[in-house]
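Line order of the protein sequences matches chains C, P, H, Z, V, W, E and D.
According to the numbering used here, the first sequence holds residues 577 to 648 in order.
According to the numbering used here, the second sequence holds residues 577 to 648 in order.
According to the numbering used here, the third sequence holds residues 6 to 387 in order.
According to the numbering used here, the fourth sequence holds residues 6 to 387 in order.
According to the numbering used here, the fifth sequence holds residues 7 to 178 in order.
According to the numbering used here, the sixth sequence holds residues 7 to 178 in order.
According to the numbering used here, the seventh sequence holds residues 440 to 714 in order.
According to the numbering used here, the eighth sequence holds residues 440 to 714 in order.
Below is one structure, written out as structure tokens; the observations come after it.
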Amino acid sequence: MIIIDERYCKGCSICIHFCPGKALEVSKEVNSRGFYAPKVVDQAECTSCKQCELYCPDFAIFIVEDAESADG
Amino acid sequence: MIIIDERYCKGCSICIHFCPGKALEVSKEVNSRGFYAPKVVDQAECTSCKQCELYCPDFAIFIVEDAESADG
Amino acid sequence: MQTDRATGYLSTLAGKVQFALGDEAIAYGALFAGCTFFGGYPITPASEVAETMARELPNVDGYYVQFEDEIGSIAAVIGASRAGAKSMTATSGPGFSLMQENIGYAIMTETPCVVVDVQRSGPSTGQATKPAQADVLQARWGTHGDHEMIAFAPNSVQECLDVMIECFNLSERYRHPVVLLADGEIGHLREKLVFPDPADLDLFPRGGFDAADEAGLVEPMRAYGEGNAVHITGSTHKENGMRDVVSQDVHERLITRCCAKIDKNRDNIIRVEERFMDDAETVVVSFGADSRPALGAVVRARNEGVKVGYFRPISIWPFCGERLTQIGKRVRKILVPEMNLGQLAREIERFVSVPVVRVSKIGGVAHSVEEVYQAIIENSRS
Amino acid sequence: MQTDRATGYLSTLAGKVQFALGDEAIAYGALFAGCTFFGGYPITPASEVAETMARELPNVDGYYVQFEDEIGSIAAVIGASRAGAKSMTATSGPGFSLMQENIGYAIMTETPCVVVDVQRSGPSTGQATKPAQADVLQARWGTHGDHEMIAFAPNSVQECLDVMIECFNLSERYRHPVVLLADGEIGHLREKLVFPDPADLDLFPRGGFDAADEAGLVEPMRAYGEGNAVHITGSTHKENGMRDVVSQDVHERLITRCCAKIDKNRDNIIRVEERFMDDAETVVVSFGADSRPALGAVVRARNEGVKVGYFRPISIWPFCGERLTQIGKRVRKILVPEMNLGQLAREIERFVSVPVVRVSKIGGVAHSVEEVYQAIIENSRS
Amino acid sequence: MAGYVLGRAGTLAGLNALQTQSYGSESRGGACKSDVIVSKTEILELAPSGLDVFIAMSQPALDKYLPDISDGGSLIYDSDLVTLNTSADDAGNDSTYTFGISATDIAHKSFGHDVVANVIMLGYMSALTGVVSPEALRQAISESVPPKTVELNLKAFDEGFKKGEMREGELK
Amino acid sequence: MAGYVLGRAGTLAGLNALQTQSYGSESRGGACKSDVIVSKTEILELAPSGLDVFIAMSQPALDKYLPDISDGGSLIYDSDLVTLNTSADDAGNDSTYTFGISATDIAHKSFGHDVVANVIMLGYMSALTGVVSPEALRQAISESVPPKTVELNLKAFDEGFKKGEMREGELK
Amino acid sequence: MEHHLLKYLREEILPTTHCPGCGCGQVLNAFVNAIDTLRIDPRGIISVTGIGCSSWIPSPYFKGDTLHTTHGRAIAFATGVKVIRPDSNVVVIAGDGDLAGIGGNHLIHAARRNVGLTVYLVNNYIYGMTGGQVSPTTPFGVVTSTTPYTNAEYPLKIAELVAAAGANYVARWTTYHIRKLIASMEEALQTKGFAFIEIVSQCPVAYGRRVGLRDGVAFMEYFKENSVSVRKSKTMSEEELEGKIVVGRLARRERVEFTESLRKIIEEQRTGTGA
Amino acid sequence: MEHHLLKYLREEILPTTHCPGCGCGQVLNAFVNAIDTLRIDPRGIISVTGIGCSSWIPSPYFKGDTLHTTHGRAIAFATGVKVIRPDSNVVVIAGDGDLAGIGGNHLIHAARRNVGLTVYLVNNYIYGMTGGQVSPTTPFGVVTSTTPYTNAEYPLKIAELVAAAGANYVARWTTYHIRKLIASMEEALQTKGFAFIEIVSQCPVAYGRRVGLRDGVAFMEYFKENSVSVRKSKTMSEEELEGKIVVGRLARRERVEFTESLRKIIEEQRTGTGA
Ligand SMILES: Cc1ncc(C[n+]2csc(CCOP(=O)(O)OP(=O)(O)O)c2C)c(N)n1
Ligand SMILES: Cc1ncc(C[n+]2csc(CCOP(=O)(O)OP(=O)(O)O)c2C)c(N)n1
Ligand code: SF4
Ligand code: SF4
Ligand code: SF4
Ligand code: SF4
Ligand code: SF4
Ligand code: SF4
Ligand SMILES: [Mg+2]
Ligand SMILES: [Mg+2]
């Protein structure tokens with residue numbers, strides 16, 4: 577499961593850029609800290625490749641491998 | 577002609593070491609400044625190779641190419 | 006020393022009004038003073054001096070080089086000066102510390118150059134982006150060995166420019182490094198700046214010297230590259246420049262003269278501003294940016310009838326001690342608002358017997374008028 | 006902090022009589038004080054401190070590393086201290102100037118370390134092999150920003166050792182860099198040196214602190230490598246060590262405390278020697294090597310009935326100003342023989358109203374007894 | 007930028023103007039602030055004790071400096087970048103006049119360049135406060151922006167000024 | 007070396023001893039000098055004002071420091087390394103006692119090591135001046151030279167001492 | 440739910456003060472990944488940094504011992520630490536200006552001595568923290584705030600220089616090569632002796648805008664397109680390599696680590712087995 | 440009759456204060472030979488030196504302009520001189536400790552910038568002037584006054600490092616190779632851009648006695664026997680090269696000289712032809 581930690585995200589979009597699937601897109605609105613955070617379009621599109629997690633400069637996005645997401 | 581400038585010689589013997597002929601040897605006595613300067617054994621043995629002049633750390637030995645010495 | 010192109014360029018600026026940073030004004034002061042070499046290394050809050058010089062030096066046929074560190078910068082500045090250029094660097098506390106060894110070299114070799122220290126809040130990295138005035142004594146004593154120092158502290162953007170020209174002139178005149186002891190407050194604020202007309206400026210020429218003025222303590226300087234086989238060394242040397250590192254008298258003569266040329270010419274160097282002094286019972290002594298709220302407070306107290314005077318050293322070193330001794334005889338107290346823990350106050354204590362009250366403020370913020378005013382009131386009642 | 010092996014080795018030295026250089030005595034002082042790291046760079050007349058440490062440190066399980074320069078040396082010394090070792094460096098004027106930035110870092114991070122400055126005749130390379138005492142004010146003000154300093158000046162080879170131990174103790178106790186302000190004269194002369202018994206020494210332990218003594222101004226030090234995730238920064242920081250480079254109050258609190266811990270504990274740090282003071286009308290104040298001919302002259306003058314006293318600051322910083330203020334009230338004149346142009350004299354002027362007469366001598370030679378004697382006679386007549 | 011133009015305009019108008027700015031790390035992440043003092047007399051106070059006019063263009067700046075507004079001072083904010091929530095409002099002064107303008111939106115839609123939001127705010131402020139004359143401000147803008155963009159910026163300024171004039175009444 | 011041994015011997019003998027030395031460039035090329043003060047009382051004078059005993063082992067040193075010999079002082083020199091010409095002599099003091107010994111030659115011929123010339127000089131001086139007792143000097147030598155060479159050095163010392171005793175009469 | 444690597448960070452002070460899209464955060468991310476993979480106890484790591492944005496990567500964010508020093512001197516401080524704590528992982532992270540500019544000499548000499556430090560140099564081609572002045576790695580011809588008419592200096596190839604100075608491990612990667620970077624960081628952490636990685640990184644704010652790379656994403660693309668492997672670079676001419684970033688491992692040696700030599704020599708002296 | 444090269448020297452202060460048999464004098468001799476052959480007017484030469492025995496080679500003996508500076512900083516001083524006097528021959532002569540130890544950073548960065556200096560580094564493997572402490576070029580395992588139990592550091596290969604930093608001309612010779620050294624010094628003087636020769640030289644007094652080379656002659660033999668040419672060195676393994684001195688030219692490039700670039704960029708800005 578993709579988790580976005582709004583406390584830390586600075587809206588650089590690097591995660592979106594590296595996402596091989598179509599799991600992420602830019603939010604239309606700024607978040608509380610004034611940034612355009614990514615938002616999850618579809619958890620199912622996520623391949624759990626963790627590109628987003630590895631490239632994020634701010635520990636603001638990460639993948640949790642739960643039973644559900646592993647299944648589907 | 578080999579000229580030794582006693583004012584500057586510090587008696588390191590490098591000139592003697594590099595002399596390909598038998599033109600130079602170490603003095604038996606210290607000079608006025610307390611060093612064993614080289615002394616000329618035989619001007620005729622000098623090949624004017626200038627090794628002594630080039631290797632001397634103290635500009636204390638040099639070769640003057642005069643007519644005489646050129647003649648040998 | 007300035008090329009025609011340089012003078013031409015500067016003339017086009019004459020009279021123009023800017024809304025400029027103190028740092029920018031410092032750079033323009035250098036340009037108008039004839040500086041053609043800047044060697045530097047970036048550091049907040051002095052980087053804008055470098056940036057302005059990088060942009061403008063080509064317009065006066067001058068050169069900007071950024072070095073690998075502050076030590077290289079000051080070394081190159083001294084080298085360039087010896088090669089014939091009026092030259093300078095700009096830094097802040099940490100970099101100023103690193104330059105101290107070579108500042109000693111400039112003193113010993115009597116090489117003119119100007120070092121700008123835009124003071125920030127330390128020690129160490131401290132509050133790197135916040136202003137302070139705590140390098141007053143480093144400027145005087147940062148290098149080893151006996152020496153004098155010339156240092157000036159401007160309190161407005163316009164004065165940054167004006168005083169910078171004076172720094173270059175004194176540096177050439179006395180063949181001594183000069184420190185512009187700016188503070189981050191003045192370096193980083195913007196106000197009106199009017200450029201001078203180069204035709205109006207009285208620039209001290211390289212190698213020139215004023216016999217009447219000098220009491221025979223300064224020799225004209227011989228530059229490199231002119232076939233004179235000039236020898237310069239930071240080791241103790243005789244009058245002919247040749248090293249003599251063992252004779253007591255040679256060293257004594259050299260160092261005594263190098264100190265005397267500043268000390269004996271003190272009156273030609275020292276500049277102060279005095280206001281409301283005639284009947285003052287208390288005096289506020291303050292310098293640099295912090296002297297502005299100090300003046301504001303004095304004005305306010307005066308308006309309320311308090312007999313308080315205002316005294317501002319513009320030259321910090323050599324110190325205006327004799328004048329303060331005179332003043333100290335007439336007043337009851339001296340208040341010293343400064344953005345440090347009493348560095349100027351310490352020096353004042355050497356010259357007066359009345360109480361010297363520290364009105365210190367640190368932490369990167371200048372005094373407010375109110376704060377100094379309160380200090381005046383408190384110290385006037387008693 | 007000392008290993009058993011170290012204590013064992015030092016015990017074998019106890020009581021041994023040497024004919025040693027001051028520089029060697031300094032090194033042995035460090036070893037007895039528990040120093041286990043020396044980072045240095047050669048420079049006359051301090052190299053023998055390094056050479057002795059290089060030879061002896063392995064015997065006390067310690068490490069000698071020579072660095073690429075003085076900046077690297079002091080940096081490594083601070084690093085080693087943080088890693089848990091009592092550590093030191095030794096240098097002379099030019100190298101001391103280069104160390105100033107990081108001395109500020111040690112102050113700001115409250116890291117104990119000892120810096121030996123064996124003063125030579127400057128500024129700059131000057132008379133590199135000749136002694137001087139002209140870094141008195143560099144030691145105090147060489148780094149930028151507001152700070153205090155602890156510095157000691159020994160006047161005999163034996164005292165080099167004894168005072169060095171004190172320097173380490175004070176450095177640990179107040180978590181502050183301490184300067185041993187030796188002069189080339191004392192560093193390079195040989196006299197009798199007796200090694201102490203380590204069992205008799207009272208060493209201040211790393212991380213220890215004496216609550217009664219400190220007025221709550223010094224916190225115990227947490228070392229690296231012990232799983233505490235300790236954060237250290239030379240930027241302004243809060244009590245928990247975390248950076249805060251914008252708050253005025255955080256900076257003010259930090260710097261004020263760092264200054265107060267020295268200033269408020271002044272009486273625990275200051276050490277002076279006084280002789281013939283009871284009825285003295287003139288006092289000779291002198292320090293380091295030059296205080297020996299000064300004492301010789303006082304003794305000679307006393308023998309002739311001149312009412313002259315002898316006062317020697319052993320600690321130079323913090324300065325014994327209050328004591329001199331008291332003395333200044335009883336005497337008519339203060340004479341200050343020193344191997345510089347009056348650096349100690351300047352400081353004395355802040356505290357007394359009587360004339361402070363400079364008896365300066367520069368050029369690499371200490372005063373002779375005769376010279377100081379003449380000064381006493383001249384200044385006692387009037 | 008707005009602070010610079012304002013100060014420069016003050017200088018051009020023959021007033022004394024002084025600008026200070028927060029620098030470095032502080033200006034990168036969080037709240038960035040530029041103080042401008044404009045006065046007829048010599049400026050001796052370096053940091054204004056209260057904000058007479060506070061132009062807020064970011065939420066952190068608003069949150070941080072709102073409490074500093076003077077009695078009777080004005081808050082002018084870009085309503086696209088800043089939200090005035092009640093609690094923040096409370097922190098302000100009772101007598102604070104608040105003026106929101108959707109500057110970024112106008113900049114984007116009417117001028118195609120978000121950056122001119124700055125200048126729109128200036129125009130808006132000029133009309134509402136009259137601190138410096140619009141003439142001086144227009145000259146300062148002309149001299150401060152890249153030559154090619156002068157016209158664009160002046161138009162944006164005028165737009166802001168117009169919007170300000172519409173609300174001017176509220177102030178008096 | 008000789009200076010160090012002398013000072014060390016003085017220390018061992020319970021006297022106060024102080025040694026200073028010229029360093030660096032000066033000691034490399036030209037005259038090298040080591041001053042030793044030995045005294046029963048605290049030593050407060052750092053540089054001796056005159057030389058009571060001057061041991062000269064190089065011509066430049068002799069030329070440079072001869073004028074500094076005190077009234078009634080002694081000059082002891084290695085006659086293999088130093089020539090006392092009349093002019094240099096003049097520079098000395100009328101009352102100077104001069105003692106030459108062919109130390110280098112003795113060292114070379116009797117001991118096969120030029121370096122022990124030093125110690126021969128010390129022995130010679132000890133006999134002639136009695137500044138420090140030969141016992142203390144012998145102990146200082148033993149502790150100062152490489153262990154393997156102790157015997158050699160002590161023999162050389164004794165040789166010098168013997169030669170000195172032979173001339174001792176001249177002094178008194 | 441929380442990021443599993445937050446346990447390595449001083450969470451209470453996050454987010455970092457780095458600008459959005461700055462490579463510094465990616466380096467921090469890679470670093471803790473490497474630590475995590477190697478299962479190194481962070482409390483055994485002493486991070487030493489200089490002054491600059493890059494120096495703020497571990498100081499204070501990484502939850503181990505952290506020593507935030509003066510500009511340019513981190514390696515010298517770290518050497519003192521390593522001599523006293525040879526069993527700790529002593530890691531230095533700092534910028535191009537810090538380690539290769541003002542601190543270049545300490546870098547070379549520590550590499551020569553082969554001190555057992557792990558050094559990650561974050562090369563963003565600029566003095567980021569001070570606002571964008573030319574650095575020793577800024578390419579020739581680039582406009583910066585102090586080279587308004589383009590840079591007249593040639594950039595330093597730091598990794599090659601450190602290799603020439605004698606380090607045991609030298610590599611260069613960019614933030615784009617994130618997985619290889621992590622693997623390389625692990626290699627460096629496991630190296631005995633001086634280990635060095637030049638990490639080419641992005642500063643969109645102080646450098647990017649000068650060269651038309653407006654954000655982190657643009658840099659990622661740029662790095663991808665302009666990198667060539669060490670192997671491939673060997674087949675290319677100087678001209679072809681112009682403007683390229685050579686990535687990969689540049690040196691690997693087995694010289695004895697400095698503090699080990701130091702201890703060995705001392706031990707020999709003690710036991711009388713030495714020279 | 441006088442030595443024909445004395446005209447280049449400040450004769451009144453001869454002999455030099457260097458010790459008998461010291462290589463410094465040979466370097467001075469080679470230098471004036473090179474000047475003489477090239478018929479360079481010595482008054483057009485500005486010699487800049489640091490602090491150390493080697494720095495005393497031209498300062499003050501060489502009769503041109505001489506700038507005797509602080510320890511380690513000669514190259515930085517010289518850069519300032521060169522920028523202002525681009526038409527002068529600016530020559531730096533100093534020791535291994537000075538130029539590669541404390542001054543290493545200025546050396547690298549001047550090489551990188553390709554400043555038009557001619558640098559002769561006199562490598563005598565030791566801090567000579569201060570009496571024989573270990574230097575960055577002292578071989579591993581040697582006893583010096585500060586490495587009483589042998590040196591634990593690896594020596595720097597300075598010439599190779601300077602080549603890696605980007606100098607236009609780099610060579611290494613010993614004082615034994617006197618004629619080649621002179622020829623190389625001439626090449627260096629004629630190089631536009633940074634030219635560097637590491638001159639391996641002898642210090643019989645502070646170094647020689649430590650390694651059993653008692654006088655200048657012994658060193659001459661040692662250098663002769665332990666030198667291998669650059670060409671030959673390429674056929675040898677690391678181990679075979681251990682303890683050998685690789686002599687010859689190590690680099691020759693044609694990059695534009697720094698002060699020339701600086702002037703060009705400024706000229707372009709002036710005339711509007713630049714970027
Ligand atoms: C002695 C000293 N000089 C200058 C500075 C100012 N300074 C702070 S960071 C920095 C450069 C930062 O550049 P870099 O090391 O490349 O780090 P970055 O910010 O780019 O990551 C400078 C010059 C300083 N703090 N100390
Ligand atoms: C800042 C500073 N540190 C140290 C010294 C002391 N010092 C003088 S010369 C020298 C080293 C000389 O070695 P090198 O450069 O190799 O020259 P050499 O004498 O061997 O020719 C040192 C350390 C100094 N003068 N200045
Ligand atoms: S990479 Fe991280 S900081 Fe950037 S947008 Fe994605 S979650 Fe936010
Ligand atoms: S794990 Fe991979 S696929 Fe899933 S959101 Fe992240 S980048 Fe996209
Ligand atoms: S080489 Fe020169 S100094 Fe040496 S012995 Fe020969 S002449 Fe004398
Ligand atoms: S010129 Fe050659 S042969 Fe003649 S003396 Fe000199 S070295 Fe010998
Ligand atoms: S200025 Fe550059 S390097 Fe510094 S945090 Fe911002 S993007 Fe990163
Ligand atoms: S100490 Fe060494 S380098 Fe210095 S002059 Fe003597 S022999 Fe030459
Ligand atoms: Mg950078
Ligand atoms: Mg050397």
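We put the CB at the ideal spot given by N, CA and C, even for glycine.
Is any heavy atom of ligand 2 found at a distance shorter than 7 Å from the C-beta of tyrosine 46 of chain Z?
-> Indexing the fourth sequence from 1 puts residue 46 of chain Z at position 41. Tyrosine 46 of chain Z Cβ: within cutoff of ligand 2.
Where do the ends of the beta strand (DSSP E) carrying leucine 26 of chain Z lie?
-> Within the fourth sequence, residue 26 of chain Z is the residue found at index 21, counting from 1. 22-26 is the extent of the beta strand (DSSP E) around leucine 26 of chain Z.
Between the C-alpha atoms of valine 235 of chain H and aspartate 480 of chain D, what's the straight-line distance to the nearest angstrom?
-> To locate residue 235 of chain H, count along the third sequence from 1; it is residue 230. To locate residue 480 of chain D, count along the eighth sequence from 1; it is residue 41. Cα-Cα distance, rounded: 15 Å.
Residues surrounding ligand 8 [beta-carbon distance to nearest heavy atom under 6 Å] = W/Arg34, D/His457, D/Cys458, D/Cys461, D/Cys463, D/Cys492, D/Asn563, D/Gly567, D/Met568, D/Cys642, D/Pro643, D/Val644, D/Ala645
Straight-line gap, alanine 646 of chain P to glutamate 601 of chain P (C-alpha atoms, nearest Å) = Translated into positions along the second sequence, residue 646 of chain P becomes position 70. Translated into positions along the second sequence, residue 601 of chain P becomes position 25. Reliability fails at alanine 646 of chain P, whose pLDDT of 48 lies under 50, so the model's placement of it is uncertain and the value that follows must be treated cautiously. If I take the Cα positions, the gap works out to 22 Å.
Members of the stretch 503-521 of chain E near chain Z, C-beta cut-off 9 Å | Gly503, Asp504, Thr505, Leu506, His507, Thr508, Thr509, His510, Gly511, Arg512, Ala513, Ile514, Ala515, Phe516, Ala517, Thr518, Gly519, Val520, Lys521
When you compare only the Cα positions, how much space is there between threonine 12 of chain H and tyrosine 588 of chain E?
-> As a first step, residue 12 of chain H is located in the third sequence; it is residue number 7 there, counting from the start. As a first step, residue 588 of chain E is located in the seventh sequence; it is residue number 149 there, counting from the start. Computed Cα separation, rounded: 21 Å.
Proximity test, Cβ basis, 8 Å: tyrosine 588 of chain E and chain H | Residue 588 of chain E sits at position 149 when you count from the first residue of the seventh sequence. Answer yes: the Cβ-Cβ gap between tyrosine 588 of chain E and chain H drops below 8 Å somewhere.
Within 7 Å: the Cβ of alanine 517 of chain D and any heavy atom of ligand 6?
-> Taking the eighth sequence and counting its residues from 1, the one referred to as residue 517 of chain D is at position 78. Because no heavy atom of ligand 6 lies under 7 Å away, the Cβ of alanine 517 of chain D does not count as near it: no.
For ligand 6, residues whose Cβ lies under 6 Å from any non-hydrogen atom | P/Ile578, P/Phe594, P/Cys595, P/Pro596, P/Gly597, P/Ala599, P/Leu600, P/Cys622, P/Thr623, P/Ser624, P/Cys625, P/Lys626, P/Gln627, P/Cys628, P/Ile639
State the beta-bridge partners of tyrosine 588 of chain D as determined by DSSP.
-> Position 149 of the eighth sequence, counting from 1, holds the residue named residue 588 of chain D. According to DSSP, tyrosine 588 of chain D bridges with nothing at all.
Check each residue of the stretch 117-132 of chain H: if its Cβ is closer than 9 Å to any Cβ of chain E, include it; give the result in chain order.
-> Ser129, Thr130
Residues in its own chain within less than 6 Å of phenylalanine 620 of chain D by CB, not counting five upstream and five downstream?
-> Translated into the one-based positions of the eighth sequence, residue 620 of chain D becomes position 181. Note on identity: in this sequence residue 620 of chain D is leucine, with phenylalanine being the wrong assignment. So the qualifying residues of the chain are Ala469, Trp612.
Pick out whichever of Z/Val370, Z/Gln348, Z/Arg258, Z/Met282 has its Cα sitting closest to the Cα of arginine 328 of chain Z.
-> Taking the fourth sequence and counting its residues from 1, the one referred to as residue 328 of chain Z is at position 323. For the residues Z/Val370, Z/Gln348, Z/Arg258, Z/Met282, the minimum Cα distance to arginine 328 of chain Z belongs to Z/Met282.
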